[in-house]
Every structure is written in C-alpha cells, then in structure tokens.
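In my numbering, the protein residues as written are 1 to 470.
Note that beta-carbon positions come from the ideal geometry of N, C-alpha and C, so glycine has one too.
A quick note: this is a predicted structure, and the numbers were derived from the prediction, not measured.
Notes follow once the structure below has been shown.
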C-alpha cells in the first residue's frame, strides 16, 4: 500500500499511522447498513430499559432511583426494593434475549465481511488492541479467580458477621457493612469543590493550581437539579484546550470520589495542552482511566478534609473494597462475551447457562437461592454487552495500573506522583506498554502483577478496618 505518510518520522507518528492504517484495512462498505441496524437495536434496548419503573411505598421510581433503597439500614426495605426492581427486569427478559440474538447475528456477519473468523478477532482490531490479545484477557480472568475472588469472598464473610445475618443475599451488598447511616461528607457543593481543591493541592501543588483554574473559569457544573442530564464526566473543550467537569452531586461519599476521578481526567487534559496533534491529546481508554482511577487512590489519603479520622478510614475502606469487588465482575462480563462470540449459534438458554457458570466461578459467595432466574438473566442489565461489545475489560486493566500507582505511592509518594504526571504528558503518543512504564507500572494483567497487588490491598483493608473501629 502506497501511503503519503511513509516518509514521516516513524517514532513520532508510529501510533497515528498504525491507527489510520487499521481503519482503512477494516473498512467494508457492506458493513455500513449493518452498523446502522445495530444502532437501531441499541436504541431499542435503551427504550426498553428507560421505560422500566416500579411503584414503591406509593411512589413511582425508575430502576436507577430504586438503588438508593439498597443502602437502607432496614433489611426488609432492601429486600422489597430489590425484589420489585428484579421482577420488573424479568418481565422483559424474553425481549432482551430476542434483541440480543439479532445483534449477535449482525455482528457475526460484520466480522465475516471483514474477512475475520469471528467477531472476537474483528472487534479487537476494531478497538485497536495491538498491545494485547484474547489470551492476555484469559490470563486476567485466571489471575482474578486465583487472587481476587478469595479476597472478595473474605470481605463477604466479614459482612455476614458484621450484619449478624445467616447468609448474604443480593440485597445485602450495597448497605453499610456495619449497618450505619451513609456518610455525609458535605452539605453544599461549594464545600465539595473547595474540599477537593484542598485534596488536589496536598497531592501535588501543580495539580491543585490546575483545579483552581477550573474554579476561576467556571469549568465545573456539579449540582444536581431538576431537568439536568444524569451522570458525571469530564469533557475536553478542544478549541480552548481546557477540561470541563459535569456531575450530579447530592452530598454522598461517592460524590467526593467522582470529583477526584473526573479531576484526574482533567489533569490529563492540562498535561497535553501543548500537543499539536488532536489525536495525541487522547490516550487509549486502558490508560485514560489510569489517570482518573489513580487520582481516586492518591486523593483518598487526604479524606480527613471531609471526615473525622474514623469516617475517613471508613470511606477509604469502602472505596478500596469496591474497586477490588469490581474486578471479578469485569472478568465475568469479559469471559461471557468471549464465549458468546465464539459460539454464535447459541440458544438463549445456553447463554444463561454459561453466565450462571461464570457467576459461580467468580462469585463472592452471595446466596441467590430462590432467585435463580434473576441470577441467570443478570447480564441483561449490563448495557455494554448490548451496546459496546468487548468494551469493559479496559476498566480492569486501568484499575491494575491505578493500583500500581497507589502501591508505588506507599513506598515513595513523591516519585510515584512525578511518574504519574510524566505519563499524563505523553497523551496518546506511545503504545500502551510505554504509557504504563512512564507511570512506573507494568502493562501486565497476569498473576505477576495481580498477586502482589492483592497482598498489599488485603493488608491495607485490614489496617483501615482497625482504624475505622479504633
């Protein structure tokens, strides 16, 4: 192939040329109408999910709104709210299966049109995954099973004892493990903003100044208000090369970590401001989330800005255990999709059977007895499986990177933060292994990395548990 960029500096433009070449090689005109049809099916999925509401205590709620009741101290309230939401989802289980069967057929055809044996290999190329293969994902699954699952099961056992219940049910996992009221870190959004400004400054003076600039320029929209779109994210204002943070703050512990997280993304934007190539001002998702997840970990060391010493330890415990608890679910979702797209002639029953097997393999010991049908169809609530196939393991890879940054900071905080900042300045100019190396982390998601990480996490969780109750 004769290309106009063949005389460009190979090191400087390696990633850009690789990505453009990949897009050209994958393009098939016959896949355009298929992509349009899949997009329509995705909209249908959103429509079905968006229409789901239940009536609880005389009031109508969406299913996301029902999540707040799973944090209630009253177990009966948690059970009733969970049951209502679960029953509502199961009403549309057949619709979801039929919808997914159509998506599976279309995606399999797309892969064949592009001369791939299956959708797995096609999607890996489509996502530009040049630095890891399906086999690396399998290594991640195995390492999570060996090193993370035992820790999550240990935490569930501790929850069982602390709540003084006979068995941990699906509605017992979101409430405080000691049955306490939720943490309340702040009363006004201003206190959230200036509290996080103080934390960022303690992490690093330069990062604190960046966040102050965002405050001064009005680049924060954090209040939750009527008519405001849901969610939270950082958006890059390309024309002025500045970040903007959007979220819906309601005064809970999660809000603090959301702002720390989005602040990490914002610092990534500041770090690449001098990069002339737009494509290089963004890094692959596997590393972009290292920037944000690492800032959660680094910022958590200064939560006394919002809390007493005991409540800060409680918040850190909840955050760290939550981050670890997500890894087995990531392994389930990723393993499930590898199976789905290498068994394209599956039936809906076989699909649910495989999901159940994976839940048993990676499960933390939660008791689903009497609710087996809910367990079999739980995958239908994960929108990535329907709308963004194979986009999920990135969060697991990034979490391992962030945990390594945190691990480094326990040994030498100054060096760890300098490496973190240096890696952000690379933007998307280098392949993933080099971005991780710049952050003093290894791009490896096997036992070599996960085993020692979990040893440190286990030690920290025990330490926080003692501090919380001291």
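| Query | Result |
| --- | --- |
| Mind checking residue 45: buried by the 16 CB within 10 Å criterion, or exposed? | buried |
| Along the chain, where does the alpha helix (DSSP H) that runs through residue 341 open and close? | 309-342 |
| Residues bridged to residue 109 by DSSP? | DSSP output for residue 109 lists no bridge partner at all. |
| If you count every other CB in all the chains shown that lies within 10 Å of the CB of residue 122, and 16 or more means buried, which is it? | buried |
| Pull up the DSSP beta-bridge partners for residue 221, would you. | 246 |
| Among residues of its own chain, excluding the 5 on either side of residue 339, which ones have a beta-carbon nearer than 6 Å to its beta-carbon? | 354 |
| Using a Cβ-Cβ cut-off of 7 Å (strictly less than) and excluding sequence neighbours within five positions of residue 420, which residues of its own chain qualify? | 294, 405, 439 |
| Is the distance from the Cβ of residue 344 to the Cβ of residue 53 below 7 Å? | no |
| Beta carbon of residue 284, beta carbon of residue 426: below 7 Å? | no |
| In angstroms, rounded to a whole number, what distance separates the CA positions of residue 7 and residue 19? | 17 Å |
| Pull the bridge partners of residue 56 from the DSSP assignment, please. | 59 |
| Roughly how many angstroms separate the alpha carbons of residue 96 and residue 335, rounded to a whole number? | 20 Å |
| Using CA coordinates, which residue listed in 61, 47, 140, 60 is at the minimum distance from residue 444? | 140 |
| Rounded to the nearest angstrom, how far is the Cβ of residue 450 from that of residue 147, given a contact under 8 Å? | 5 Å |
| Taking the C-alpha atoms as reference points, what is the distance between residue 397 and residue 411? | 22 Å |
| Classify residue 357: buried if its beta carbon has 16 or more other beta carbons within 10 angstroms, exposed otherwise. | exposed |
| Give me the Cα-Cα distance between residue 14 and residue 129, rounded to the nearest whole angstrom. | 15 Å |
| Determine the contact status of residue 331 and residue 362, defining contact as a CB-CB distance below 7 Å. | yes |
| Got a sec? Which residues, its chain only, sit under 7 Å from residue 352 by beta carbon, not counting five neighbours each side? | 376, 377 |
| Decide yes or no for the touch test of the stretch 148-165 against the stretch 216-234: beta carbon pairs closer than 8 Å, at least 3 of them. | no |
| According to DSSP, which residues form a beta bridge with residue 236? | 243 |
| Fully enclosed by the stretch 415-468, which beta strand (DSSP E) runs are 3 residues long or longer? | none |
| From residue 328 to residue 414, what distance separates their C-alpha atoms? | 31 Å |
| Keeping to the same chain, check which residues put their C-beta closer than 6 Å to that of residue 16; ignore five residues upstream and five downstream. | 279 |
| Report the rounded CA-to-CA distance for residue 179 versus residue 172, giving the unit in angstroms. | 10 Å |
| Hey, residue 189 and residue 249: beta-carbon distance below 7 Å or not? | yes |
| Does DSSP classify residue 256 as helix, strand or coil? | helix |
| How would you call residue 418, buried or exposed, if buried means at least 16 neighbouring beta carbons within 10 angstroms? | exposed |
| If the criterion is Cβ atoms closer than 7 Å, does the pair residue 461 and residue 302 meet it? | no |
| One question on the structure: do residue 247 and residue 258 come within less than 7 Å of each other, judged by their Cβ atoms? | yes |
| What residue range is occupied by the uninterrupted alpha helix (DSSP H) comprising residue 50? | 31-50 |
| Looking only at its chain, what residues have a beta carbon closer than 7 Å to the beta carbon of residue 163, apart from the 5 residues adjacent to it on each side? | 172, 177, 179 |
| Starting from the C-beta of residue 485, find all residues in its chain whose C-beta is less than 6 Å away, skip the five residues before and the five after it, and write them out in chain order. | This structure cannot settle anything about residue 485, because the visible part of the chain is limited to 1 through 470. |
| Excluding five sequence neighbours on each side, which residues of the same chain lie with their C-beta closer than 6 Å to the C-beta of residue 464? | 313, 316, 317 |
| Alpha carbon to alpha carbon, how far is residue 197 from residue 300? Give it in angstroms, no decimals. | 13 Å |
| Cβ of residue 435 within 7 Å of Cβ of residue 422? | no |
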